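Mapping of the sequence shown onto the working numbering: residues 2 to 813, in sequence order.
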Amino acid sequence: MGGNEIKEADELFEPCLPSLTVAIAINGKRESKYVVKWALEKFVTEAKVVFKLIHIRPEITSVPTLMGNSIPISHVREDVAAAYKKEVEWQTSALLLPYTKMCGQRQFLLYVQVDVVVVESDDVANAIAQQVAKYNITKLVIGASARGIFARKVKRHNMSSRISACSPNFCTVYAISKGKLSSVRPSDLKIDASIEDDSSETSCSVNSSSSYTSSSQTELVSVGSYSHFHSPSLPMQRFHALSAINQNLLHSRASSIDANHSRNLSLDIEEERDTTSLCVYSSDIEHAIGGTSSYKGLLKDSQSHVSDQASTSDVHSEHSSSDTQVDINFELEKLRIELRHVRGMYAVAQRETLDASRKINNLNERRSEEAMKLKEITYKEEEAGELARKEMERCEAARMEADYVRECAEKEASQRQEIEMKALRDIKEREKLEKALVGPVHQYQKFTWEEIVSATSSFSESLRIGMGAYGTVYKCSLHQTTAAVKVLHSNENQNNKQFQQELEILSKIRHPHLLILLGACPDRGCLIYEYMENGSLEDRLFRVNGTPSIPWFERYRIAWEVASALVFLHSSKPKPIIHRDLKPANILLDRNFVSRIGDVGLSMVLNSDASYVSTMFKDTAPAGTLCYIDPEYQRTGLISPKSDVYAFGMVILQLLTAKPAVALTHKVETALDDGRLVTILDSEAGNWPIEETKELALLGLNCAELRRRDRPDLKEKVLPVLERLKELADRARDSFSRIQPLPPNHFICPILKDVMNEPCVAADGYTYDRKAIEQWLTDDDKSPITNLPLPNKVLLPNRTLLSAIMDWKSRN
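Encoded structure:
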């Protein structure tokens, strides 16, 4: 049996030995590779080794963000925290993968078992010590700095020193620096024999080969640790033992022969001894190469050598004297005893050879099985590597997709947040504007009776501009503002009720085509309105005091303005309002012929908030002006928004004809039927467009139907037609170049009395020119119109009005 086969047999004996557990502390840095490599080279040849790769990672207490900061893990959603923990675990696995591959190399496959232990802790030293105590580990390998971790002068923050200090006493700690053993902290129970000098092992091996028994012991040790004890092989040990025996035999025989024998006899004996030694040496070499048969040859040569010695002694005995015969017999008997001893040794060697052959066969079978298993493991490892590669590719693709989805989600969230912030700012700005426009609810400026008397010059007849059924209207100047004061005739209950109704409605609501209430004197029943330069629509239609007539295109626009104001009243929340006294006398015009509905003292607030189309209210005492009152309202006492539609129809017919309301519907119907509508139109209004005017006349007749159900809906049917006619009227007004158009009244600043350059809404809800109101606020904290203290001096730009002013200026 050759030396290579014996070596393979010795290596295959190692997996049967008890296993050894070695812990390696891994921090994932470059030095960890040197630590693992050193541990593999040191411990893998001693026994079946179980390597525990211990990695301590910090506890996860926070989740990083894209901004570079971190959020406590308790403040994030559970799915986000779980995803982040899973990502940290994947990164840890990727970090430890190279070290597990190092332990799984082919040369260590039969000797190494790898267990990965990952612990979450902020105290690395104590965590490693707990794992060492948990698994009862007696050998721990850690990394160390170049100076060594067990030096006397060491810093307290050295991690290697802390690990060594915290490790249990039964564990030996090896510190590795740059791939070499730096220092060792031995255990209290037993100093590891692996750190002893190799020279002592070699000397022990050499001393143990002095005899056959010690040689056998050396042989058994070499099987357990083949890489450390390089002792001779079994055949060579036997060869040395037999050579020693033969030399002893020859030496004893040579000493027993008489010294006075001749030199020839001595030379023969030496020649025989050399021949015998040469035979034994050659036979042992053959035994080392050929096996058991060579050892038998060795025994036969030994027997022949003894026989030759016996025959030689007989020859010499014939020539010797009788005194030496006894010595020769004694030597022969001694040789026979030694021969029997050699035969016994041969039998023992033969049995050992048979046992060794049987073991070698078993080992060959096991080697074949292990080779097959190794081949299968290699194939499976290749498959696992391929699967791992594919899995890594899928993981990378999934990670890239997740990153893309996360980026898209973050971008979408950012855009949504920006949109929400912008919408929130718009809502706040709109609320401010609405609050400024609406102004304080149920508030109006209160004037004293003395102020009103002084402003009207004690109610001078020269300042009287109108008289109604319930009071007289005077022109006055209050707080440098031109206004109109309506004074009730008496404080009767009926008049007082109308006063309270008008005060309640006009102080709550505002509309561009509703008369603006500036203040009141509740003690004397006085209401102060904004001053309307062109008086009432009735005065302008019938040209009272020689006032000029209104052009037809302005009449179209007035019809649309009155309809929009009625729609606003009918759809007010939470309760709709019915005017009940709509007529040309209650429609006032400013200097730009912008109409506003006034005199809402007879208005009625309905208790129902349902659709105004079907809302009706029982009133046993119909109020209003004859010819404008709804016929069904007069007959049944049921009031509804359709009652205002009837009065509006009469106003449309008067806008077209400028005739009294008595029997007006009959006249217009007759003119339409006879095809002579032009004959009843107001000729002072200019050249009427026939088709559009005919459409407007039919709309007025439809609104003035006797039955409520025959009248059209004001918002759905009437207002769209009037909007279209208003656009036609605007184009006609623009082309009418002979008269310079006046700016609309809401373009005029109440302070400057001129068109505003930069309109702004003050805290009182009115619009002023910015420079004018800023100059006013430097001298006074009260409103220029209401004379009430302003809650603040914030000015909001009225961009809609500014756009309208700029458009008007560009057209003119």
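Ideal Cβ positions, reconstructed from N, Cα and C, are used throughout, including at glycine.
Predicted model, so just to flag it, every value in this text is computed and none were measured.
Under DSSP, Ile588 takes part in a beta bridge, and its partners are Ile598.
Non-local beta-carbon contacts of Val488 in its own chain, meaning distances under 6 Å to residues more than five positions away in sequence, involve Gly472, Thr473 and Cys527 in chain order. Distances from the CA of Asn746 to each of Leu654, Asn535 and Ile653 were compared; the closest alpha carbon is that of Asn535.
Within the same chain, Cβ atoms closer than 8 Å to the Cβ of Pro169 are found at Ala130, Val133 and Ala134, the five residues on either side in sequence being excluded.
Apart from the 5 residues on each side of it in sequence, Asn587 sits with its Cβ closer than 6 Å to the Cβ of Gly599 and Asp600 in its chain, given in chain order.
C-alpha of Lys716 to C-alpha of Pro792: approximately 37 Å in a straight line. With a beta-carbon spacing of about 21 Å, Tyr629 and Ala672 fall beyond the 8 Å limit used to define contacts. Inter-segment contact for the stretch 548-568 and the stretch 476-483 is absent: fewer than three beta-carbon pairs are separated by less than 8 Å. Straight-line spacing of the CA atoms in Pro798 and Met807 works out to 14 Å. For the 8 Å CB-CB criterion, Glu411 and Leu54 do not form a contact. Setting aside the 5 residues that flank it on each side, Phe171 is surrounded in the same chain by Thr139, Ser188, Asp189 and Leu190, each with a C-beta closer than 7 Å to its C-beta; the list follows chain order. With fewer than 16 other beta carbons inside 10 angstroms of its own, Gly345 counts as exposed. Pairing Ser75 with Ser63, the inter-Cα distance amounts to about 8 Å.
The DSSP-derived three-state label of Cys750 is coil. When rounded, the separation of the alpha-carbon atoms in Glu692 and Leu542 is 22 Å.
Per DSSP, Phe448 has no beta bridge partner at all. In the displayed model, Met605 falls within a strand according to three-state DSSP. Residue pairing of Met468 in beta bridges, as defined by DSSP: Thr473.
Under DSSP, Phe52 forms a beta bridge with Val23 and Val115. For Met651, the number of other beta carbons within 10 angstroms of its own is at least 16, and it is reported as buried. Across the structure, Ala564 and Ile529 are spaced so that their CA atoms are roughly 25 Å apart. Per the C-alpha coordinates, the member of Glu728, Glu685, Phe748 and Tyr634 positioned closest to Leu707 is Tyr634. In the DSSP secondary-structure assignment, Gly520 is bridged to Gln446 and Ile529. For Ser461, DSSP records no beta bridge to any residue.
In the DSSP assignment, Ser183 falls within the unbroken beta strand (DSSP E) covering Lys181 to Arg186.
Excluding residues up to 5 positions away in sequence, Thr658, Lys660 and Ile681 lie with their Cβ nearer than 8 Å to the Cβ of Lys668 in the same chain. Taking a contact as a CB-CB distance under 8 Å, the pair Thr626 and Lys584 counts as one, their CB atoms being some 5 Å apart. Scanning its chain for C-beta atoms nearer than 7 Å, with the 5 sequence neighbours on each side dropped, one finds around Phe649 the residues Val563, Ala564, Leu567, Leu583 and Cys704, in chain order. Around the beta carbon of Trp561, 16 or more other beta carbons lie within 10 angstroms, which makes this residue buried. In the three-state DSSP reduction, Asp770 falls in the strand class (E or B). DSSP, reduced to helix, strand and coil, places Ile57 within a strand of the structure shown. Counting the other Cβ atoms within 10 Å of the Cβ of Gly766 gives 16 or more, which makes it buried. For Pro642, there is no enclosing beta strand (DSSP E); the enclosing alpha helix (DSSP H) has its first and last residue at Pro642 to Thr658. In the assembly as shown, Tyr405 is an exposed residue. Its beta-carbon has fewer than 16 other beta-carbons within 10 Å. DSSP places Ala134 inside the alpha helix (DSSP H), whose first and last residues are Val125 to Tyr136. Within a 10 Å sphere around the beta-carbon of Ala664 sit fewer than 16 other beta-carbons, which makes this residue exposed.
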